[in-house]
Amino acid sequence: MKKPFGLAIAAGWLALTLVSPSNAATGYEAYYDLLDNTPWYDGVTASIQYQATAVDGEDLAVWIGLDNYAEEDADLKWIQGGWGQQHTGQPLIYWEYIGADGTYHIGEDVTPGDDEVYTQKHQGNQALWTHNGIIYKQVDWITFNGVAFSKGQYGAEMQPDTDRTPGTVASKNRFSSTQVRQAGGVFTPAPLAGVVSNAPNGNIEKVEAVPGSDFQTWDTRN
Amino acid sequence: MQYRLKMALRLLWTLCFMYGNFAAAANMPPILGSAGPLSWQATKVSPVHNAKQAIDAASKLLAPASGTLQQPIAQLVQVTDSTPATAGHGAVNTVYTAWLVSASGFTLQNANTKQNAPLALSALLSDQGASTQQLYAVFTARNDSLWVKPYPGMKLRTAAADMEEDQWLVDAQPMPTTPKISIEQLLSTFWSTTGINPAKAGQIALIARSAAPQLPAQLVQGKQTPLYPSGSYWIMQVNGSKTHNLILPMSSKGQPRSVSQQPYMSSMASLIRSKDGKVLRSVYLP
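In the order they appear, the protein sequences are chains A and B. Quick note on numbering: the first sequence equals residues 2 to 223 in the working numbering. Quick note on numbering: the second sequence equals residues 825 to 1110 in the working numbering.
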């Protein structure tokens, strides 16, 4: 089986581990949901209100996505989209995936609007990435043939974890109507059953006034 | 006996073939440089324009904010463009004659940080019968001291392959153009948008192309309709630079990963709108 990405992880991490002293990690302020059986997820959507954030470190991403929750990094496959920003750059809508063959692809579109509904879903024979209904990426769904998308994840990702989580105390970074879909079904509110919050100054909370699928993030320093 | 004769003839043919290739290679001028899909060699053809005309034209086309090119050098070259067609037409390895003009004195500025970056640039100018020369491409020299190698073990892909995957439909035919905004403005906008400083990259190449981007698109009466028209674009290629970190989702093991150990992409291609330099799409490559 062809595994270029797996080989990259194995060879590269070994090489860099030997020379790099840094221990800074990737930070997440995110919720996630897991399935333990078929039908696996084949769609995810959420509205994300854009919050301008200084990127002091390398890069930042605010996203929703599906992955196969593999045990080993080299076996991870995923679909992801949202907005991201590199240090000294501007926020840009992005798409990203690793298909069944392990090949990694990522690309960018234009700057996000104040409130964008991001969706990634299986439709016909395609995987579609949309923002506010505009199709900004599509690949053949067969790219993910055999991949068990057992996890949905939604939130912010900071590189490194000491960088700023989007949102301020006064104006939090809001995800609304976060929904997932299992193959053959319809979009339903994401349970937000699991949480990962490991950014030192990051925070995440559900919006209790809205039952189910709304949540927000912020950084204590913002 | 017949077998031995056949083998001897085959050996003779092989030697002749090898000698022919060697002789042809020995007569070819050496490759002087390359940028993205472009490479160039010296040529002895008679130019339409002279070196001074080429430098004057480059000064107008590149339009540095300082007003003049500093220490310009011009050389007539034969360019080989190895861009494959993704639009279903055009050729691989298009060859043309052009003036290569190199100069310093350019300055880029990041609009987000107000940081400035000095830069030297080279340009390929058309040398055809028309009196007005135009730009094929603008690029920097390969910077070996800043060059970032691909992430170990990651399978390499061409920019053309990823542009095709992202449905840019780039025509392989060279398309000399007159920039609608200055090259400094264009590269500064690229830096401000992507965060990638062309002056700190291993090498950049900005190439004029015709393209018909199929994405983004919207559904109009059930038909997927591209938002951007087909026409003149700039294709920006960055090579030898850490262009993007590959950040994985959490694995079920959930162990923290060191940022310094994250895989990265070491090149990229961007589709840039000619009229205002807006970066419309980018793809990142191993």
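We put the CB at the ideal spot given by N, CA and C, even for glycine. Small disclaimer: the values here were computed from a predicted structure and weren't measured.
Which whole-angstrom value is the C-beta distance of residue i and residue j, which I expect to be below 8 Å?
i	j	result
residue 992 (chain B)	residue 1032 (chain B)	With 8 Å as the limit, residue 992 (chain B) and residue 1032 (chain B) do not qualify as a contact, their Cβ atoms being about 14 Å apart.
residue 930 (chain B)	residue 988 (chain B)	With 8 Å as the limit, residue 930 (chain B) and residue 988 (chain B) do not qualify as a contact, their Cβ atoms being about 32 Å apart.
residue 145 (chain A)	residue 101 (chain A)	6 Å
residue 215 (chain A)	residue 27 (chain A)	With 8 Å as the limit, residue 215 (chain A) and residue 27 (chain A) do not qualify as a contact, their Cβ atoms being about 25 Å apart.
residue 862 (chain B)	residue 965 (chain B)	With 8 Å as the limit, residue 862 (chain B) and residue 965 (chain B) do not qualify as a contact, their Cβ atoms being about 13 Å apart.
residue 963 (chain B)	residue 1030 (chain B)	7 Å
residue 946 (chain B)	residue 926 (chain B)	4 Å
residue 75 (chain A)	residue 177 (chain A)	Not a contact, Cβ separation roughly 35 Å.
Checking 7 Å against the spacing of the C-beta atoms, do residue i and residue j come in under that value?
i	j	result
residue 1084 (chain B)	residue 1025 (chain B)	no
residue 96 (chain A)	residue 138 (chain A)	yes
residue 60 (chain A)	residue 1069 (chain B)	yes
residue 133 (chain A)	residue 117 (chain A)	yes
residue 918 (chain B)	residue 958 (chain B)	no
residue 32 (chain A)	residue 196 (chain A)	yes
residue 950 (chain B)	residue 1000 (chain B)	yes
residue 51 (chain A)	residue 115 (chain A)	yes
residue 43 (chain A)	residue 106 (chain A)	no
residue 1023 (chain B)	residue 941 (chain B)	yes
residue 1089 (chain B)	residue 1106 (chain B)	no
residue 887 (chain B)	residue 1006 (chain B)	yes
residue 88 (chain A)	residue 56 (chain A)	yes
residue 867 (chain B)	residue 902 (chain B)	yes
residue 975 (chain B)	residue 1073 (chain B)	no
residue 860 (chain B)	residue 1061 (chain B)	yes
residue 130 (chain A)	residue 186 (chain A)	no
residue 1040 (chain B)	residue 135 (chain A)	yes
residue 179 (chain A)	residue 194 (chain A)	no
residue 171 (chain A)	residue 30 (chain A)	no
residue 85 (chain A)	residue 160 (chain A)	no
residue 217 (chain A)	residue 175 (chain A)	yes
residue 119 (chain A)	residue 65 (chain A)	yes
residue 932 (chain B)	residue 948 (chain B)	no
With a threshold of 16 other CB atoms inside 10 Å of the CB of residue i, please say whether the residue is buried or exposed.
i	result
residue 841 (chain B)	Interpretation of residue 841 (chain B) is limited by its pLDDT of 44, a score under 50 that renders its predicted location unreliable; the figure taken from the coordinates is listed afterwards. Exposed.
residue 181 (chain A)	buried
residue 94 (chain A)	buried
residue 1100 (chain B)	exposed
residue 166 (chain A)	buried
residue 80 (chain A)	buried
residue 222 (chain A)	exposed
residue 173 (chain A)	buried
residue 210 (chain A)	exposed
residue 73 (chain A)	exposed
residue 126 (chain A)	exposed
residue 869 (chain B)	exposed
residue 67 (chain A)	buried
residue 38 (chain A)	exposed
residue 34 (chain A)	buried
residue 1010 (chain B)	buried
residue 1094 (chain B)	buried
residue 848 (chain B)	Residue placement at residue 848 (chain B) cannot be trusted, given a pLDDT of 46 that sits under 50; what the coordinates show is reported in the next sentence. Per the 10 Å Cβ criterion, exposed.
Give the interface partners of residue i over in chain B, defined as CB-CB distance under 7 Å, in chain order.
i	result
residue 161 (chain A)	1083
residue 74 (chain A)	1072, 1075
Can you pull the chain A residues whose beta carbon is under 9 Å from the beta carbon of residue i, in chain order?
i	result
residue 1041 (chain B)	135, 136, 137, 139
residue 1105 (chain B)	108, 109, 110, 111, 137
residue 1016 (chain B)	89, 90, 91
Any idea which residues DSSP pairs residue i with across the strands?
i	result
residue 85 (chain A)	A:62, A:93
residue 1035 (chain B)	B:994, B:1055
residue 123 (chain A)	A:128
residue 989 (chain B)	Partner(s): none; residue 989 (chain B) has no beta bridge.
residue 1090 (chain B)	Paired residue(s): none; residue 1090 (chain B) is not in a bridge.
residue 1030 (chain B)	B:962, B:1060
residue 44 (chain A)	A:122, A:182
residue 203 (chain A)	A:220
residue 68 (chain A)	A:79, A:152
residue 159 (chain A)	A:28, A:61
Residue i touches chain A at which residues, Cβ-Cβ below 7 Å?
i	result
residue 990 (chain B)	108
residue 1019 (chain B)	87, 88, 89, 90
residue 1108 (chain B)	107, 108
residue 1098 (chain B)	Within 7 Å Cβ-Cβ: nothing; residue 1098 (chain B) doesn't reach chain A, min ~16 Å.
residue 1068 (chain B)	107
residue 937 (chain B)	89
Cβ closer than 8 Å: which chain B residues qualify as neighbours of residue i?
i	result
residue 29 (chain A)	1074
residue 59 (chain A)	1069, 1083
Anything in chain A within Cβ reach of residue i, meaning under 8 Å, just list it in chain order.
i	result
residue 1052 (chain B)	In chain order: nothing, as chain A lies at least about 10 Å away.
residue 1048 (chain B)	136
Against residue i, what residues of chain B qualify as contacts under a CB-to-CB distance less than 9 Å, listed in chain order?
i	result
residue 70 (chain A)	1073, 1074, 1075, 1076
residue 25 (chain A)	1082, 1083, 1084
residue 197 (chain A)	1074, 1078
residue 79 (chain A)	1072, 1073
Using a Cβ cut-off of 7 Å, pull out every chain D residue sitting near residue i, in sequence order please.
i	result
residue 934 (chain B)	Absence of chain D from the displayed structure is noted, the protein chains being A and B.
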